[in-house]
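J.: The structure that follows is given in the form of structure tokens.
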Amino acid sequence: MLRVLLAKDLRRAWRNPLPWLINLIVPLAMTALIGLVFGGKSDNGALGRIRFAVVDEDKSFVGDFLRRAATNEKATKNFEAVFLERDEALRQINAGKISAVVIIPTNFTRNYLTASQPVSLELIKNPAESIHPAVIEELLGAAVTALNALSRNFLSDYPAWKAVLDGDADSHQASRLFERAGDKLKAAKATLYPPLVTYERGKKADAAESKGGKPKADDASFIFAYMLVGMSAMFLLFLGNNAMTDLHRELRKRTFERYQTMHEQVWPFIVSKVVFTVVVLLICSAAMLGGGGLIFRVHWQHPLPLLALTLGYAGFVAALFAVLVALIPDERRAGALNTMVGMGLGMAGGCAFPRQQLPAFLREHVTPLMPTDWFVETLRNLQSGGAGVEWRFVLLKTLMVSAVLIGLAAMLFRRRFKTGLRA
Amino acid sequence: MSLLRVERLSKAFGTIRAVDSVSFEVRPGEIYGLLGPNGAGKTTTISMISGLLKPDSGEVFVADAAFWSDPQKAKRIMGVVPQELAIYDELTGRENLEFWGRMAGLSSRDAKARAVELLNALTLTDRADDAVKNYSGGMKRRINLGCALSHRPKLLLLDEPTVGIDPQARLNILEFIRQLRESGTGILYTTHYLEEAETLCQRIGIIDHGRLLAEGTLGELQDRLGGDRVFVLEADFKNSGPETWEGFDRRFRVIQKTEKQLVVAAVGARDPSECLKELLALPVRVENVTLKRPSLNDVFLQLTGRDLRE
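In the order they appear, the protein sequences are chains X and U.
Everything in the first sequence is counted per our numbering, starting at 135 for the first residue and increasing by one.
Everything in the second sequence is counted per our numbering, starting at 10 for the first residue and increasing by one.
Encoded structure:
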């Protein structure tokens, strides 16, 4: 009977494909959109070289210093700096050929060294890109911090440094200047070393790095996989809600009631609708995780657990919304509540924000109980290494919760029918 | 032996008693009409008989076995046609019949064969492979009916099967139902159309506010009015009425009285011309008198004090 019920639903969906196509297109569009927003990756899945322009209107040693720094071997691995005139740089950024333009304005060095007036570097970011300009901005921020630190410590010596750099000082003056700088750095050493705060790479990352055989996901790929898993879990909640509205339609059209005039047990009908929703969710998951994986060049480290966990999670989502239909048979009233439930589960389950950023109470007492959290955390852990991740236990837990929810939905429907359910 | 026996069936929703101690039975080869206005309790009664609703009290017997002792067995004996079009618009007529046939327990092959038979009987063969959403209202009603017949039920529960369709389509459905009765199917037929109950049903139960007010054949119900004729008088009854006319209640039974109209039936077997003379001699200026056979509406009027068509 399950097969007949499922075939009926699939045939109906095939005959009226528009709502289901929308269900499929939304996650695909979202994945593509995010791919475009976070675009700019190279073919190997990394961020690629960041091409930016430097406009040196100061024509001083700072520009030369930047030119040398930008062309050394280490920098060229990640950056490609091109030195252009302002007009050409702006033309190239408009054409999308560069990610950002850093402009060193006229008299920047003189004003900085004499501290005669505040100085600023100019940054123009390519609005069509997201990550690359942000990286340049971060780098520029670090450079500004360093310049400020230097300024605070060596401000009194700046005129002398300027004279040395301009070639206006003799060797005695220069040697005294170096001696003073050396003394200052020596004094600073006591406060800079050993550093008060340090960090070291986590053990999980080390384990992943040392693991042989499988290719290690690079950082950028991991970030996208991390995001994609959370986003997919969230979307599957909304898509599950959409798919389960078919049960509302069956109530409204009285076809569920008609089924009940032929059969005493309601659970086959509920299970068939859950299976139908799971099929829809699996197709959407393939679009999101598979399609998204292709767009972001994510190499899924453990495809079998990924498939099994997605199947279990889809079952949970379908069963959950079946319970909600039983609780609120009216489609219009259920709409708002179901959306809120989906949002709540997604947020509290660490789909939208990393679990660590959630409020302490949620993080410690609520999130660990959420199947959304089980799903996303397990997949993220698998993707970041996978050693010791008990995905089979998580799958079992999720399937058990799904079974309980299906039983609850069947019981609620039975009770409501006997007391006069009307959609 | 009765196919369906309902004994003192009651159901309340909060403070509203939707069905109040209703009893009747349906025999093989009989169409039993449950006639009443909207909200009378007809659908609630059918819902309880088909197991969709649990009664607060009372019993339902299907083929002399208590329904709730083995609901699945009882459901196999009956076919239910809901008032709503409980069919799938996206599927074709044939697919709907096959699907509900499978749900009723037929094998795939039997469901296909039965669908062909039903399409033929319902004169829908030429549109069998069109999606139901493209059908007319009458065609949808026929498919809705056919979906309950796949497993050849001995007892058929029809809940207002002709609502909202044109007269020609209604005649087709009524003719099909007559054929079912002739084949021995017992049918419970709820309607608020007087003509359907009068022309289709062997026995009729009149239901209002959840209570079965009267039941019997059409003749038995007409006899309740005291004969096979009623008189309709049109006059100004604002200032003068039967209660002021001496001895009127011994000769006539008032069925309905409004300010402009009085419907009465003669008490006992009396000559209609005598009755007419007496009515014209009443102390009121009669503008028109009509003599007619009492209808079910007149019976309903007498029982409830209001018109079924209101």
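We put the beta carbon where it would ideally sit given N, CA and C, even for glycine.
Here the structure is a predicted model, which is why all the values come from computation and not from measurement.
Do Leu-166 (chain U) and Met-87 (chain U) have their beta-carbon atoms positioned less than 9 Å apart in this structure?
T.: In the second sequence, the residue the question calls residue 87 (chain U) occupies position 78. In the second sequence, the residue the question calls residue 166 (chain U) occupies position 157. One thing to note: Met-87 (chain U) has its Cβ within 9 Å of the Cβ of Leu-166 (chain U).
J.: Identify the continuous alpha helix (DSSP H) that holds Ile-196 (chain U) and give its terminal residues.
T.: Within the second sequence, numbered from 1, the residue matching residue 196 (chain U) stands at position 187. Per DSSP, Ile-196 (chain U) lies in no alpha helix (DSSP H); the unbroken beta strand (DSSP E) holding it starts and ends at 195-200.
J.: Classify Glu-282 (chain U): buried if its beta carbon has 16 or more other beta carbons within 10 angstroms, exposed otherwise.
T.: In the second sequence, the residue the question calls residue 282 (chain U) occupies position 273. For the record, residue 282 (chain U) in the displayed sequence is Ser; it is not Glu. So Ser-282 (chain U) ends up on the exposed side.
J.: Between Val-405 (chain X) and Glu-229 (chain U), what straight-line distance do the alpha-carbon atoms span, to the nearest angstrom?
T.: Here residue 405 (chain X) refers to the residue found at position 271 when the first sequence is read from its first residue. Here residue 229 (chain U) refers to the residue found at position 220 when the second sequence is read from its first residue. Taking the straight line joining both Cα atoms gives about 51 Å.
J.: For Met-396 (chain X), return the contacting residues in chain U, with the cut-off set at a CB-CB distance below 7 Å.
T.: Here the question's residue 396 (chain X) lines up with position 262 in the first sequence. The answer, in chain order, is Lys-84, Met-112, Ala-113.
J.: Within a Cβ cutoff of 6 Å, which residues of the same chain sit near Ala-367 (chain X), ignoring the five residues on either side of it in sequence?
T.: The residue you call residue 367 (chain X) lines up with position 233 of the first sequence. Correct list, in chain order: Cys-485, Thr-506, Phe-509, Val-510.
J.: Taking the alpha carbon of Arg-150 (chain U) as the point to measure from, which residue in U:Leu-312, U:Ala-278, U:Pro-176, U:Glu-126 has its own alpha carbon closest?
T.: The residue you call residue 150 (chain U) lines up with position 141 of the second sequence. With distances taken between Cα atoms, Arg-150 (chain U) lies closest to U:Pro-176.
J.: Counting only beta-carbon atoms, is Met-148 (chain U) nearer than 9 Å to chain X?
T.: Locating residue 148 (chain U) in the second sequence gives position 139, counting from the first residue. Cβ-Cβ to chain X under 9 Å: no for Met-148 (chain U).
J.: Could you check whether the Cβ of Phe-331 (chain U) sits closer than 9 Å to any Cβ belonging to chain X?
T.: Residue 331 (chain U) falls outside the range modelled here, since chain U spans only 10 to 319, and no answer is possible.
J.: Tell me whether Asn-157 (chain X) sits in a helix, a strand or coil according to DSSP, three-state version.
T.: If you number the first sequence from 1, residue 157 (chain X) lands on position 23. Helix at Asn-157 (chain X).
J.: CB-CB under 8 Å to Ile-216 (chain U), same chain, minus the five flanking residues each way: which ones, in chain order?
T.: What you label residue 216 (chain U) is simply residue 207 of the second sequence in a count that begins at 1. Only Val-31, Leu-43, Leu-44, Gly-45, Ala-49, Gly-50, Lys-51, Thr-54, Leu-222 meet the Cβ criterion.
J.: Please classify Gln-435 (chain X) as buried or exposed, where buried requires at least 16 neighbouring CB atoms within 10 angstroms.
T.: In the first sequence, counting from the first residue as 1, residue 435 (chain X) sits at position 301. Under this definition Gln-435 (chain X) is a buried residue.
J.: How do the segment 181-195 of chain X and the segment 231-238 of chain X stand: do at least 3 beta-carbon pairs fall below 8 Å, yes or no?
T.: yes
J.: Is Asp-98 (chain U) closer than 9 Å to Asp-141 (chain U) when the C-beta atoms are compared?
T.: Against the second sequence, residue 141 (chain U) aligns to sequence position 132. Against the second sequence, residue 98 (chain U) aligns to sequence position 89. Sequence check: residue 141 (chain U) is Val here, not Asp. The Cβ atoms of Val-141 (chain U) and Asp-98 (chain U) lie closer than 9 Å to each other.
J.: Between which residues of its own chain and Asn-153 (chain U) is the CB-CB distance below 7 Å, once the five residues before and five after are set aside?
T.: On the second sequence, residue 153 (chain U) is found 144 positions in, with the first residue counted as 1. The residues are Val-90, Leu-94, Ala-95, Ile-96.
J.: So, Ile-237 (chain X) versus Arg-225 (chain X), is the Cβ gap smaller than 9 Å?
T.: On the first sequence, position 103 is the one that residue 237 (chain X) refers to. On the first sequence, position 91 is the one that residue 225 (chain X) refers to. The answer is no: Cβ separation not under 9 Å.
J.: Do you know offhand how far Thr-199 (chain U)'s Cα is from Gly-478 (chain X)'s?
T.: The residue given as residue 199 (chain U) occupies position 190 in the second sequence. The residue given as residue 478 (chain X) occupies position 344 in the first sequence. So the alpha carbons of these two residues sit roughly 47 Å apart.
J.: Rounded to the nearest angstrom, what separates Gly-193 (chain U) and Lys-163 (chain U) at their Cα positions?
T.: Within the second sequence, numbered from 1, the residue matching residue 193 (chain U) stands at position 184. Within the second sequence, numbered from 1, the residue matching residue 163 (chain U) stands at position 154. Going from the Cα of Gly-193 (chain U) to the Cα of Lys-163 (chain U) covers about 7 Å.
J.: What is the rounded straight-line gap between the Cα of Gly-277 (chain U) and the Cα of Thr-171 (chain U)?
T.: As a first step, residue 277 (chain U) is located in the second sequence; it is residue number 268 there, counting from the start. As a first step, residue 171 (chain U) is located in the second sequence; it is residue number 162 there, counting from the start. Rounded to whole angstroms, Gly-277 (chain U) to Thr-171 (chain U) spans 38 Å at the Cα level.
J.: Taking a contact to mean a Cβ-Cβ separation below 9 Å, would you say Glu-224 (chain U) touches Phe-108 (chain U) in this structure?
T.: Taking the second sequence and counting its residues from 1, one reaches residue 224 (chain U) at position 215. Taking the second sequence and counting its residues from 1, one reaches residue 108 (chain U) at position 99. No. Outside cutoff.
J.: For Ala-163 (chain X), tell me which candidate among X:Phe-369, X:Ile-265, X:Pro-261 has the shortest Cα-Cα distance.
T.: Position 29 of the first sequence holds residue 163 (chain X). Among X:Phe-369, X:Ile-265, X:Pro-261, the Cα nearest to that of Ala-163 (chain X) belongs to X:Phe-369.
J.: Can you tell me the Cβ-Cβ gap for Val-239 (chain U) and Lys-301 (chain U), rounded? I've got them flagged as a contact below 8 Å.
T.: Residue 239 (chain U) sits at position 230 when you count from the first residue of the second sequence. Residue 301 (chain U) sits at position 292 when you count from the first residue of the second sequence. Val-239 (chain U) to Lys-301 (chain U), Cβ: 6 Å. Contact.
J.: Using a Cβ cut-off of 9 Å (strictly closer), state whether Val-71 (chain U) contacts chain X.
T.: Sequence index remark: in the second sequence, residue 71 (chain U) carries index 62 (1-based). Taking Cβ atoms only, chain X never reaches closer than 9 Å to Val-71 (chain U), which makes this a no.
J.: For a cutoff of 9 Å on Cβ pairs, would you count Thr-389 (chain X) as touching chain U?
T.: Here residue 389 (chain X) corresponds to residue number 255 of the first sequence, with the count starting at 1. For Thr-389 (chain X), the answer is yes, since a Cβ of chain U falls inside 9 Å of its Cβ.
J.: Based on DSSP bridge pairs, tell me the residues matched to Ala-256 (chain X).
T.: For the purposes of this step, residue 256 (chain X) is taken as the residue at position 122 of the first sequence. It should be pointed out that residue 256 (chain X) corresponds to Glu in this sequence rather than to Ala. As computed with DSSP, Glu-256 (chain X) is found in a beta bridge with X:Ile-237.
J.: So with CB distances below 8 Å, who are the chain X contacts of Lys-63 (chain U)?
T.: Here residue 63 (chain U) corresponds to residue number 54 of the second sequence, with the count starting at 1. Per Cβ cutoff of 8 Å: Lys-552, Thr-553.
J.: Given 8 Å as the limit, is there contact between the segment 443-455 of chain X and the segment 414-429 of chain X, that is, 3 or more CB pairs closer than that?
T.: yes
J.: Using the C-alpha atoms, what's the distance from Ala-223 (chain X) back to Ile-258 (chain X)?
T.: Locating residue 258 (chain X) in the first sequence gives position 124, counting from the first residue. Locating residue 223 (chain X) in the first sequence gives position 89, counting from the first residue. Approximately 10 Å, taken between the alpha carbons.
J.: Are Val-523 (chain X) and Leu-530 (chain X) close, meaning C-beta to C-beta below 9 Å?
T.: On the first sequence, residue 523 (chain X) is found 389 positions in, with the first residue counted as 1. On the first sequence, residue 530 (chain X) is found 396 positions in, with the first residue counted as 1. Their beta carbons are not under 9 Å apart, which means Val-523 (chain X) does not touch Leu-530 (chain X) by this criterion.
J.: At 9 Å on the CB atoms, spell out the chain X contacts of Ser-78 (chain U), in chain order.
T.: Translated into positions along the second sequence, residue 78 (chain U) becomes position 69. The premise fails here: Ser-78 (chain U) is roughly 12 Å from chain X at the closest Cβ pair, so nothing lies under 9 Å.
J.: With a cut-off of 8 Å on the beta carbons, I'd call Ala-460 (chain X) and Met-378 (chain X) a contact; round off their distance for me.
T.: Within the first sequence, the letter at position 326 stands for residue 460 (chain X). Within the first sequence, the letter at position 244 stands for residue 378 (chain X). So it is not a contact: roughly 11 Å between Cβ atoms.
J.: How about Val-363 (chain X) and Arg-514 (chain X): are their beta carbons less than 9 Å apart?
T.: Locating residue 363 (chain X) in the first sequence gives position 229, counting from the first residue. Locating residue 514 (chain X) in the first sequence gives position 380, counting from the first residue. For Val-363 (chain X) and Arg-514 (chain X), yes; Cβs fall inside 9 Å.
J.: Who are the Cβ neighbours of Gly-173 (chain U) in its own chain at under 7 Å, not counting the five residues just before and after it?
T.: The residue labelled residue 173 (chain U) in the question sits at position 164 within the second sequence. These residues qualify, in order along the chain: Gly-146.
J.: Please list, in chain order, the chain X residues whose beta carbon lies closer than 8 Å to that of Ala-140 (chain U).
T.: Taking the second sequence and counting its residues from 1, one reaches residue 140 (chain U) at position 131. Within chain X, the residues near Ala-140 (chain U) are Arg-149.
J.: Check the DSSP bridge columns for Ser-19 (chain U) and list the partner residues they point to.
T.: The count along the second sequence starts at 1 and reaches residue 19 (chain U) at position 10. According to DSSP, which records beta bridges pairwise, Ser-19 (chain U) is partnered with U:Ser-66.
J.: For Lys-407 (chain X), count neighbouring Cβ atoms within 10 angstroms of its own Cβ and tell me buried if that reaches 16, exposed if not.
T.: Here the question's residue 407 (chain X) lines up with position 273 in the first sequence. Buried, by the Cβ-count rule.
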